[in-house]
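J.: Take 52 as the starting number for the sequence shown in the working numbering and just add one per residue.
Quick reminder that beta carbons are idealized off the backbone N, C-alpha and C, glycines included.
Model, not experiment: these values are computed from the prediction.
Shown below is the structure under consideration.
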Amino acid sequence: MPSSVIKSYSYDPTKCLLYITFVSGITYVYKSVPADIANMLKAVGSKGKYFNHFIKGHFKYRKLRSKI
C-alpha cells in the first residue's frame, strides 16, 4: 500500500467507520462511509488522490487521540 500521504487504513463494516492514519502519524475516523467507498481505497493506485476526491469533505470525521 505505498502512498505518500496515507500510512495505513482500516474499515469497520458493521459501524461504517473508516480509520485513516496519515504519514504524519495522525489518525482520523470517518463516519458513515459506505463499504464500496472504503473498498475502492484498497483497489486504487493513488490513495491520496482517491481520498481527496471521494472522502475528504464528504464525511464527518474526528481526530483520534495519539497514544503516548
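Please report the Cβ distance between F105 and S83, rounded to the nearest whole angstrom; I am assuming they are in contact, meaning their Cβ atoms lie under 8 Å.
T.: Locating residue 105 in the sequence shown gives position 54, counting from the first residue. Locating residue 83 in the sequence shown gives position 32, counting from the first residue. Between S83 and F105 the Cβ distance is about 14 Å, and since that is not below 8 Å, they are no contact.
J.: Answer yes or no: do L115 and V74 have a C-beta to C-beta separation smaller than 8 Å?
T.: Position 64 of the sequence shown, counted from the first residue, corresponds to residue 115. Position 23 of the sequence shown, counted from the first residue, corresponds to residue 74. No, they are not a contact pair.
J.: Express the C-alpha separation of G76 and M91 in angstroms, rounding to a whole number.
T.: Position 40 of the sequence shown holds residue 91. Position 25 of the sequence shown holds residue 76. Rounded to the nearest angstrom, the two C-alpha atoms are 22 Å apart.
J.: Can you have a look at T78 and say buried or exposed, based on whether 16 or more other CB atoms are within 10 angstroms of its CB?
T.: Residue mapping note: residue 78 aligns to position 27 of the sequence shown, counting from 1. By the neighbour-count rule (16 or more Cβ atoms within 10 Å), T78 is buried.
J.: Please tell me whether G108 and S55 are closer than 8 Å, where the distance is taken between their beta carbons.
T.: Counted from its first residue, the sequence shown places residue 108 at position 57. Counted from its first residue, the sequence shown places residue 55 at position 4. Cβ distance not < 8 Å, so G108 and S55 don't count as in contact.
J.: Name the two residues that bound the continuous alpha helix (DSSP H) containing I124.
T.: No answer is possible for residue 124: the residues shown for the chain start at 52 and end at 119.
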